[in-house]
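Residue numbers (the working numbering), protein chains in the order written: chain A, 1095 to 1449; chain B, 1087 to 1347.
Ideal placement from N, C-alpha and C gives every residue a C-beta, glycine not left out.
Nothing here was measured: the structure is a model prediction, and the numbers come from that model.
All remarks here apply to the structure that follows.
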Ligand SMILES: Nc1ncnc2c1ncn2[C@@H]1O[C@H](COP(=O)(O)OP(=O)(O)OP(=O)(O)O)[C@@H](O)[C@H]1O
Ligand SMILES: [Mg+2]
């Protein structure tokens, strides 16, 4: 049992493919970003957009506003939200050791949604001064706190003597989601017509109306969460063997779980706050990547961020071109694309999902 | 050395282990035997810090209850009785889970050696979930071996805790795996193994601890524990131990032997 020499590349080692895929996805994201900058109702072309990146002064003032104050923040928002949702999905699934777990499943999205809807419906009841104080931020702020509060309650319910039971947490998440849904239903009842339209639109998710201030509101939290993710990778890998075995490998399991929960709450809360309920990104993206290069989180998390961002940009481009000049909420696009795709994955992978 | 004093473990209001003492040494294979539900896995979980326990467990100077997981992981590997796997990892990826960060650079060599040791060369690219039960068990053993490959490092002995390592294996692989444990101890490491097969225990163990209903009936050399009276009492069935010098020790259920004759 003595000599440890680096041998040739082993057959079952998919890390090279995973690294190569990261490069590929980065290129894809670059293309998606250019496409996103070059597409829209105003008719500023991709060529002009590309040229403008080098020489901004050649554009007319109107085009410059379209590019830098409308499309660019929208593109950045799409990247942030797509990466946040996909990485949160991957982390949740690793934490719950279940490829079907999703931020939506543990009530974070539902809680954030409840916060947002509460703000939309009851916001009108606030005294004018308070409404003016929050202004544009009322709904996002409420959504963030809703998601955060749900995570805290969830954590209290499912943690006993410093240990989180993953099964209890999943079930509690389902219960909390149902509860949030019920309260949302009651709120919808008391909403007026205009509020109902806002609710529907928000509920379907959208990155339209992205502004630099919105981007700046969401960016710090999302970036912090994404920067945490790499530190979770080894622990999430070990967790695939169960909590006990992970601890035996040397993973501080409780700390890992705490960090993962905070990371997901931050990323999902911020994403839902600025873009509503965009579904399927968090579940389809990691799933697809696992099929291609395996479940190793050291590569899965980065690749999820890249693919999630690229996918959301593409979905956004579809959402603003398919019924142009009108726009479809992006949540509808991701649901229409992601739903059947996910069902197809389920059918193909039924064996692997029976766990 | 592994020293466990007055270990009690409760599940809810039920006391599973009653003030158990247990000791293991580097260089020896210590087997824990006893009937189903007697508390072998529970004792193992206490010894590895997995279960909350009353009493004191010290492993090579570390108080198990207070030690950091990464410090323990550096000196001991644990093979659980059953290990489900959540995602479709390949065999190589599963074994790599056992490697700590530091050895990642040289990991391909170590992974290959660990797999060869358990007789699974050529299985590298297979999906873990598509292996047979016995193959899965040996992949898990390879993972544990990769974690604490050197039985002694910087003068400190390392440990293997194996909960029924041969439960899913055919007779040839049972011998192979027990030989791995034997070699590990002979090279200076410590091995604690929960065993059901008393014959293998008689062949490979230096010490045997016999558990019944949460009490240790005794811990001593195999010949002093694997006796008709003790085994029959612990397992609640007639057991005969044959110790004819020519044939070595073998243990049979008495009634079956009678019927066969
Ligand atoms: N999580 C648990 N909650 C409650 N009781 C438990 C739990 N785990 C084990 N027990 C009980 O503790 C007792 C000892 O269990 P343990 O797993 O230690 O047995 P064992 O000696 O390893 O048996 P086997 O040979 O079947 O593996 C059994 O009666 C079992 O029912
Ligand atoms: Mg057991």
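- Annotation for residue 1122/B indicates a beta carbon within 6 Å of some heavy atom of ligand 1.
- Of all residues in the segment 1309-1335 of chain A, the ones placed with a Cβ closer than 8 Å to any Cβ belonging to chain B are 1328, 1331, 1332, 1333, 1334, 1335, in chain order.
- Within the same chain, Cβ atoms closer than 6 Å to the Cβ of residue 1365/A are found at 1175, 1178, 1179, the five residues on either side in sequence being excluded.
- Rounded to the nearest angstrom, the gap between the Cα atoms of residue 1331/A and residue 1183/A is 15 Å.
- For residue 1414/A, the enclosing alpha helix (DSSP H) starts and ends at 1391-1415.
- Burial check for residue 1337/A: the Cβ neighbour count within 10 Å reaches 16 or more, so the residue is buried.
- Counting of Cβ neighbours within 10 angstroms places residue 1170/B among the exposed residues, the total staying below 16.
- Around residue 1213/B, the same chain offers 1174, 1176 as residues with beta carbons nearer than 7 Å, after the five sequence neighbours per side are excluded.
- Counting along the chain, the unbroken alpha helix (DSSP H) around residue 1310/B starts and ends at 1308-1311.
- At the C-beta level, residue 1326/B and residue 1290/B stay beyond 7 Å of one another.
- With fewer than 16 other Cβ atoms from the protein chains shown falling within 10 Å of its own Cβ, residue 1307/A counts as exposed.
- In this structure, residue 1166/B lies away from residue 1276/B, with their beta-carbon atoms at least 7 Å apart.
- Only buried fits residue 1167/A, as 16 or more other CB atoms lie within 10 angstroms of its CB.
- In this structure, ligand 1 has a non-hydrogen atom nearer than 6 Å to the beta-carbon of residue 1125/B.
- Beta-carbon to beta-carbon, residue 1254/B and residue 1223/B are separated by about 5 Å, close enough to satisfy the 8 Å threshold.
- The beta-carbon separation of residue 1094/B and residue 1103/B, rounded to 6 Å, stays under the 8 Å limit for a contact.
- Look at residue 1128/B: its beta carbon is less than 6 Å from one of the heavy atoms in ligand 1.
- The beta-carbon of residue 1341/A is placed less than 7 Å from the nearest beta-carbon of chain B.
- Taking the beta carbon of residue 1390/A as reference, the chain B residues within 7 Å of it are 1179, listed in sequence order.
- Taking a cut-off of 8 Å on C-beta distances, the segment 1296-1308 of chain B touches the segment 1115-1129 of chain B, as three or more cross pairs fall below it.
- Residue state for residue 1124/B is assigned as coil, using DSSP reduced to three classes.
- Straight through space, the alpha carbons of residue 1211/B and residue 1388/A are spaced by roughly 12 Å.
- Nearest to residue 1217/A by alpha-carbon distance, out of 1409/A, 1436/A, 1289/A, is 1289/A.
- Against residue 1262/B, chain A offers no close residue; the least beta-carbon distance is about 15 Å (beta-carbon pairs closer than 7 Å).
- The Cβ atoms of residue 1322/B and residue 1127/B do not sit closer than 7 Å to each other.
- For the options 1208/A, 1125/A, 1173/A, the alpha carbon positioned closest to that of residue 1275/A is the one of 1208/A.
- Taking 6 Å as the cut-off, the C-beta of residue 1167/B counts as close to a heavy atom of ligand 2.
- Cβ-Cβ distances below 7 Å link residue 1322/A to 1353, 1357 in the same chain, with the five nearest sequence neighbours on each side left out; the list follows chain order.
- When CB distances to chain A are screened at a threshold of 9 Å, the residues of the segment 1224-1243 of chain B falling below it are 1226, 1229, 1230, 1231, 1233, 1235, 1236, 1237, in chain order.
- In terms of side-chain proximity, the C-beta atom of residue 1102/B is found nearer than 6 Å to a non-hydrogen atom of ligand 1.
- C-alpha of residue 1248/A to C-alpha of residue 1370/A: approximately 21 Å in a straight line.
- Residue side-chain check: residue 1097/B places its Cβ nearer than 6 Å to a non-hydrogen atom of ligand 1.
- Per DSSP, the unbroken beta strand (DSSP E) holding residue 1293/B starts and ends at 1293-1298.
- Identification of chain B residues near residue 1183/A by a Cβ-Cβ cut-off of 9 Å yields none; the smallest Cβ-Cβ distance measures about 14 Å.
- Residue-level contact check: residue 1346/A touches chain B, since one or more beta carbons of chain B fall below 7 Å from its beta carbon.
- The beta-bridge partner set that DSSP reports for residue 1327/B consists of 1337/B.
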